[in-house]
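A quick write-up on the structure given underneath.
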């Protein structure tokens, strides 16, 4: 039977492992810990109704976003989300104004 690196439930498979120094606080390797943490983060985000969006930006824009986020004491993600919502609201209100103007022109 093959053993998976993240399977630490069967102690007899690992009885001959001897490590020097401070004992591990987590039986999983760092790589496996990151996988588990990422999976849990995705589950938490999904439960909150959040969706993941990735984008690539120039380093200069990245630095500007970081500086703005730090200045406003928010995360970079929160800053980008608020900027997107502001832009969407501006576009929506501009569309509403255009619709009103079009209706007024048609009625005259």
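Numbering (my numbering), first residue to last: 110 to 217. For glycine and all other residues, C-beta sits at the position ideal for the given N, C-alpha and C.
Cβ-Cβ distance between residue i and residue j below 8 Å
{"i": "residue 174", "j": "residue 159", "result": "no"}
Opening and closing residue of the alpha helix (DSSP H) in which residue i lies
{"i": "residue 154", "result": "139 to 156"}
{"i": "residue 179", "result": "168 to 180"}
Chain-order list of residues whose beta-carbon lies under 7 Å from that of residue i (same chain, five-residue window excluded)
{"i": "residue 172", "result": "none"}
{"i": "residue 142", "result": "135"}
8 Å CB neighbourhood of residue i in its chain, flanking five on each side removed
{"i": "residue 183", "result": "191"}
{"i": "residue 180", "result": "none"}
Contact test: residue i Cβ vs the ligand GTP heavy atom, cutoff 7 Å
{"i": "residue 164", "result": "Among the ligands in the structure shown, none appear at all, so the ligand GTP cannot be discussed."}
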